[in-house]
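Colleague: Quick note: the sequence shown, position 91, residue 82 per my numbering, numbers continuous.
Pasting in a structure now, in structure tokens, and then I'll have a few things to ask.
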Amino acid sequence: MDKQLIKIFEKSTVDNNIPNDLYTQYNVKKGLRNEDGTGVLIGLTRIADVVGYKRLDNGTKVDAEGELFYRGMELDTLLKKVKSDKIDGYEKTCFLILFGYLPNEEELTAFKEELHSLYELPKDFLTTNILKKPSPSIMNELQKNLLNLYNEDENADDTSVLNTLQQGLSIIAKIPEMMVYSYQAKAHFIDNKTLTIHQVNKDYGIAENILHLLRTDSKFTKEEARILDLLLIMHADHGSGNNSTFANLVVASTATDIYSAFSASVGSLKGPRHGGANITCKQMMDTIITEIGLQATSEDMQGILQRLVDKDFFDKKGLIYGFGHAVYTLSDPRCVLLKDQARVIAEACGESNRLSFYEKFEAEVVQYFKTAKGKNICANVDFYSGLIYDMLQIPEDLYSPLFVASRSVGWLAHNIEEKLYCNRIIRPAGYYVGEKVGR
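So this is what it looks like as structure tokens:
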């Protein structure tokens, strides 16, 4: 950029500064957060509830063990109910999130057959839109290809509820292909690796198809598919206030098409403060292990923690990735459940030492914040999910896209719910604090 323009910009940031105390003066909630850290209410939903604290009778907020409910069903209970010999827990969860109850066998069969019939991408979509010009970012590629699906839809601008449901199911069914093919194109044309393209298998569920499409030999164990299915379930929804879902609601409230709304959600989820956090967390943990080794002592870990906080290690931003959450305080239920699954896969692939390091580091971080900062902080879902993806031989490029594959059903359900019961453009206000010059 031109040096003069840089100076002009730097001066403008000083001249147009908005002092922090003005936010308090005008009762403006930064980041739509209340003073106690809770989110400003932006709507009503029956789809999911995220519980991380309790309110006493006098209104005081107190920390609590985390709970996540899909349609009123607690996550751990849901996992027990959807467990079966078939790898279709995510499909059952999609049905629950969309329709409000778990399906019987006949309903599940009809739902799965509908999804399977929508798997295949339109004719020439792969060669024209994915292989022709790959992107170094699979998330950006997903945004592009969601908008390309618009061009393939004869009723793309029909935002009626039933058509939105049909379009959404089609997107959910096609995301595994779009993300894996985009990764394979990037791996070949940008990273100089072998190009591997498999046809989607209509006999497989979504978790199985992801592994089938990704692996060069298409081989995977039932346990690997089951764990990926579990990860998809855990990321399927997280209430209407999370950033990507809210982005979806804001865009959809203008009565635009679902492809535009979902593309906005993917853009939101790409950010390291949201869906990109699991990549950064894994990279941080890899760097820590390289620095102090898997046999590190408590003192070694405390030393690294202090360096992280002091902005003297890793990305030098003073952040400890994989810890803390906007709602959860004492525990993230997804993290608790993932840790159990991490033990299973770590033992199977000889990674027990690395998992043990993660567990010890988690304990050290929790203790550090309780002792040094006087606050409760918990490991969140990102802390173990990146590790599990790695043990499943899933490349980092696909960590966030897998989040998209899972969360798309939540976006769809909230999109439909908002259309049915609110159906108003989301238009908050900003308070003007600049000067005014008359004519």
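Ideal Cβ positions, reconstructed from N, Cα and C, are used throughout, including at glycine.
The structure presented is a predicted model; accordingly, all values stated were derived computationally and were not measured.
If I'm right that Asp228 touches Arg398 with Cβ under 8 Å, what's the distance once you round it to whole angstroms?
Modeller: The residue labelled residue 228 in the question sits at position 237 within the sequence shown. The residue labelled residue 398 in the question sits at position 407 within the sequence shown. Contact flag correct, Cβ pair sits at about 7 Å.
Colleague: Tell me the residue span of the beta strand (DSSP E) that contains Leu59.
Modeller: The count along the sequence shown starts at 1 and reaches residue 59 at position 68. Start and end: 52 to 61.
Colleague: I'd like the span of the beta strand (DSSP E) that includes Ala363, first residue to last.
Modeller: Along the sequence shown, one-based indexing puts residue 363 at 372. Neither: Ala363 is in no beta strand (DSSP E) and is coded neither H nor E.
Colleague: So, helix, strand or coil for Arg217, using DSSP?
Modeller: Here the question's residue 217 lines up with position 226 in the sequence shown. Arg217: helix per DSSP, three-state reduction.
Colleague: Near Ile336, which residues of its chain fall below 8 Å by C-beta distance, leaving aside the five closest residues on each side in sequence?
Modeller: Counting from 1 along the sequence shown, the entry for residue 336 is found at position 345. Counting only Cβ-Cβ distances below 8 Å, and skipping sequence neighbours, we find Glu214, Glu215, Ile218, Glu342, Ile379, Met382, Leu383.
Colleague: Would the segment 399 to 412 count as touching the segment 32 to 44 if we require 3 or more Cβ pairs under 8 Å?
Modeller: Result yes; three or more Cβ-Cβ pairs closer than 8 Å.
Colleague: Identify whether Arg264 lies in helix, strand or coil by the three-state DSSP scheme.
Modeller: In the sequence shown, counting from the first residue as 1, residue 264 sits at position 273. Coil at Arg264, not helix or strand.
Colleague: Can you tell me whether DSSP reads Arg418 as helix, strand or coil?
Modeller: Mapped onto the sequence shown, residue 418 falls at position 427. Note: Arg418 maps to coil in three-state DSSP.
Colleague: Decide if Phe348 is buried, meaning its Cβ has at least 16 other Cβ atoms within 10 Å, or exposed.
Modeller: Counting from 1 along the sequence shown, the entry for residue 348 is found at position 357. Classification for Phe348: buried.
Colleague: What are the boundary residues of the beta strand (DSSP E) that includes Arg46?
Modeller: Taking the first residue of the sequence shown as position 1, residue 46 is located at position 55. Looking at the DSSP string, the run of the beta strand (DSSP E) that includes Arg46 is 39 to 46.
Colleague: List the residues that DSSP assigns as beta-bridge partners of Gly30.
Modeller: As a first step, residue 30 is located in the sequence shown; it is residue number 39 there, counting from the start. Paired residue(s): Arg24.
Colleague: For Tyr14, which residues in the same chain have their Cβ closer than 6 Å to its Cβ, ignoring the five residues on either side in sequence?
Modeller: Stepping through the sequence shown from its first residue, residue 14 is reached at position 23. Contacts found: Lys21.
Colleague: Counting only runs that start and end within the segment 279 to 362, where is the alpha helix (DSSP H) found for 4 or more residues in a row?
Modeller: Runs of the alpha helix (DSSP H) inside the segment 279 to 362: 289 to 300, 324 to 339, 343 to 359.
Colleague: Okay, do the segment 41 to 49 and the segment 282 to 300 touch, 3+ Cβ pairs below 8 Å being the bar?
Modeller: Flag = no, the segment 41 to 49 and the segment 282 to 300 do not touch.
Colleague: Sort out for me which residues DSSP pairs Glu1 with in a bridge.
Modeller: Start at 1 with the first residue of the sequence shown, and residue 1 comes out as number 10. Glu1 pairs with nothing; no bridge assigned.
Colleague: Straight-line CA distance for Glu58 to Val73?
Modeller: Mapped onto the sequence shown, residue 58 falls at position 67. Mapped onto the sequence shown, residue 73 falls at position 82. Computed Cα separation, rounded: 18 Å.
Colleague: Between the beta-carbon of Gln157 and the beta-carbon of Ala147, is there less than 9 Å?
Modeller: Here residue 157 refers to the residue found at position 166 when the sequence shown is read from its first residue. Here residue 147 refers to the residue found at position 156 when the sequence shown is read from its first residue. No; because the gap between Cβ atoms is not below 9 Å, this pair is not in contact.
Colleague: Run through the DSSP bridge pairs and tell me what Glu65 is partnered with.
Modeller: What you label residue 65 is simply residue 74 of the sequence shown in a count that begins at 1. For Glu65, which the question treats as bridged, DSSP gives the partners Phe60.
Colleague: In this structure, does DSSP put Ala246 in helix, strand or coil?
Modeller: Within the sequence shown, numbered from 1, the residue matching residue 246 stands at position 255. Ala246 falls in the coil class under three-state DSSP.
Colleague: Would you kindly check if the distance between the Cβ of Pro392 and the Cβ of Tyr174 is under 9 Å?
Modeller: Sequence index remark: in the sequence shown, residue 174 carries index 183 (1-based). Sequence index remark: in the sequence shown, residue 392 carries index 401 (1-based). In this structure, Pro392 lies closer than 9 Å to Tyr174 by Cβ.
Colleague: Does Ala101 come out as helix, strand or coil in the three-state DSSP assignment?
Modeller: The sequence position of residue 101 within the sequence shown is 110, counting from 1. In the structure shown, Ala101 sits in a helix (DSSP, three-state: H, G or I).
Colleague: With three or more C-beta pairs closer than 8 Å as the rule, is the segment 243 to 258 touching the segment 128 to 141?
Modeller: Yes, the segment 128 to 141 is in contact with the segment 243 to 258.
Colleague: Measure the beta-carbon distance from Thr320 to Asp54 and round it to whole angstroms, keeping in mind my assumption that it falls under 8 Å.
Modeller: Looking up residue 320 in the sequence shown gives position 329. Looking up residue 54 in the sequence shown gives position 63. Confirmed, Cβ separation roughly 4 Å.
Colleague: Considering His203, what are the terminal residues of the alpha helix (DSSP H) in which it resides?
Modeller: Locating residue 203 in the sequence shown gives position 212, counting from the first residue. Counting along the chain, the alpha helix (DSSP H) containing His203 begins and ends at 197 to 205.
Colleague: Residues in its own chain within less than 6 Å of Gly80 by CB, not counting five upstream and five downstream?
Modeller: One-based indexing of the sequence shown puts residue 80 at position 89. Within the same chain, Gly80 has close Cβ partners Val73, Asp220, Ile224.
Colleague: Ordered along the chain, which non-local residues of its own chain (more than five positions away) have a Cβ less than 6 Å from that of Val457?
Modeller: There is simply no residue 457 to check, as the chain begins at -8 and stops at 430 in what is shown.
Colleague: Nearest to Asp331 by CA position, among Lys103, Gly313, Glu350, Gly315, is which residue?
Modeller: Within the sequence shown, residue 331 is the residue found at index 340, counting from 1. Selected option, being the one with the closest Cα: Glu350.
Colleague: At which residues does the alpha helix (DSSP H) containing Ala404 begin and terminate?
Modeller: What you label residue 404 is simply residue 413 of the sequence shown in a count that begins at 1. 390 to 412 is the span of the alpha helix (DSSP H), which, as asked, contains Ala404.
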